[in-house]
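Colleague: Take a look at this one; I'll ask things after.
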């Protein structure tokens, strides 16, 4: 300690080294998600530092969301979080696989149906027109995390309806069918888990969730897909990189 009570350079270097070492062990799987770290006194002794120095290292790991400290119970490795990237035009599953996550897709529904009024409006369909309704559940870390319903306009839908969507993303299927996707408009807002999604996600109805609505357009500005995804906030966070040019984020009041 310096005379004014602030940590000296040596102290700072030690706690950062400890934080880096523990972070490396967590990321390598030496300490698995949900696993308890050794008691603080044991850790401080193994690193040869005071409890104060160790706790500063743990605070840094907590700020990085690598650990969770539970009073009276100990320190635990944080469960993994999916990161929903906003800076790319890819399917949700492709986004997550690109981050190194093992994502399993379960197709729970696939049928050509009359499009509801909201979907017909989004896809610019005439009243009574039909579209492919594709319903999927994304599983991550062994449990359901996202419930997704996609409506695909015809005749594109007829070209892709028989694809194996457990292995192929919707965007890949569109590309294989010769459909060039140009852009997508997406809104993500807080919501409450509705009964249908609650059954698929195995969570109580009314739990807070994130709700994504996305409309994807072709090169000629025709809306081709309307997506509605219900995302468990306990399993996923939204993350993006800001730059002077590139991604543009618009903030709006929730109505």
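Residue numbers (this note's numbering): 2 to 256.
Yeah, the Cβ is synthetic: ideal placement off N, Cα and C, and Gly gets one too.
These numbers were taken from a predicted model, which means no experiment stands behind them.
#1: From residue 226 to residue 34, what does the alpha carbon distance come to, in whole angstroms?
#2: Check the DSSP bridge columns for residue 216 and list the partner residues they point to.
#3: Within the same chain, show all residues whose beta-carbon is closer than 6 Å to that of residue 120, passing over the 5 residues directly before and after it, in chain order.
#4: Can you find the residues in the same chain that come closer than 6 Å, C-beta to C-beta, to residue 36, ignoring five residues on each side of it along the sequence?
#5: So, at 7 Å on beta carbons, what are the nonlocal neighbours of residue 106 in its own chain, with the 5 sequence-adjacent residues on each side left out?
#6: Excluding the 5 residues flanking residue 20 on each side, which residues of the same chain have their C-beta closer than 7 Å to its C-beta?
#7: When you compare each of 104, 53, 40, 47 to residue 73 by their alpha carbons, which one comes out closest?
#8: Please specify which runs of the alpha helix (DSSP H), each continuous and at least 4 residues long, are wholly inside the stretch 96–170, giving them in chain order.
#9: Can you give the Cα-Cα distance for residue 29 and residue 46, rounded to whole angstroms?
#10: With distances taken Cα to Cα, identify the nearest neighbour of residue 212 among 48, 186, 234, 204.
#11: Candidates 126, 67, 147, 114: which alpha carbon is nearest residue 104's?
#12: Express the C-alpha separation of residue 210 and residue 201 in angstroms, rounding to a whole number.
#13: How is residue 54 classed by DSSP in three states: helix, strand or coil?
#14: Among 175, 206, 216, 56, which has the Cα closest to the Cα of residue 186?
#15: Under a three-way DSSP split, which group does residue 194 fall into?
Modeller: Well, looking at it:
#1: For the purposes of this step, residue 226 is identified with residue 225 of the chain shown, where counting begins at 1. For the purposes of this step, residue 34 is identified with residue 33 of the chain shown, where counting begins at 1. Cα-Cα distance, rounded: 36 Å.
#2: Walking along the chain shown from the start, residue 216 turns up at place 215. According to DSSP, which records beta bridges pairwise, residue 216 is partnered with 186, 227.
#3: Stepping through the chain shown from its first residue, residue 120 is reached at position 119. Contacts found: 152, 227.
#4: Counted from its first residue, the chain shown places residue 36 at position 35. Result list for residue 36: 78, in chain order.
#5: Stepping through the chain shown from its first residue, residue 106 is reached at position 105. The answer, listed in chain order, is 94, 137, 139, 166, 167.
#6: Looking up residue 20 in the chain shown gives position 19. Excluding residues within five positions, the ones whose Cβ falls inside 7 Å are 58, 61, 62.
#7: Position 72 of the chain shown, counted from the start, is the residue given in the question as residue 73. Per the Cα distances, 40.
#8: 118–123, 157–161
#9: As a first step, residue 29 must be located in the chain shown, where it is residue number 28. As a first step, residue 46 must be located in the chain shown, where it is residue number 45. Spanning the two alpha carbons is a distance of roughly 23 Å.
#10: Your numbering for residue 212 matches position 211 in the chain shown. Comparing alpha-carbon positions, the option among 48, 186, 234, 204 lying closest to residue 212 turns out to be 234.
#11: Taking the first residue of the chain shown as position 1, residue 104 is located at position 103. That would be 147, whose Cα lies nearest to the Cα of residue 104.
#12: Looking up residue 201 in the chain shown gives position 200. Looking up residue 210 in the chain shown gives position 209. Each residue's alpha carbon lies about 14 Å from the other.
#13: In the chain shown, residue 54 corresponds to position 53, counting from 1. Looking at residue 54 - three-state DSSP - the assignment turns out to be helix.
#14: In the chain shown, the residue the question calls residue 186 occupies position 185. That would be 216, whose Cα lies nearest to the Cα of residue 186.
#15: Here residue 194 refers to the residue found at position 193 when the chain shown is read from its first residue. In this structure, residue 194 counts as coil in the three-state DSSP scheme.
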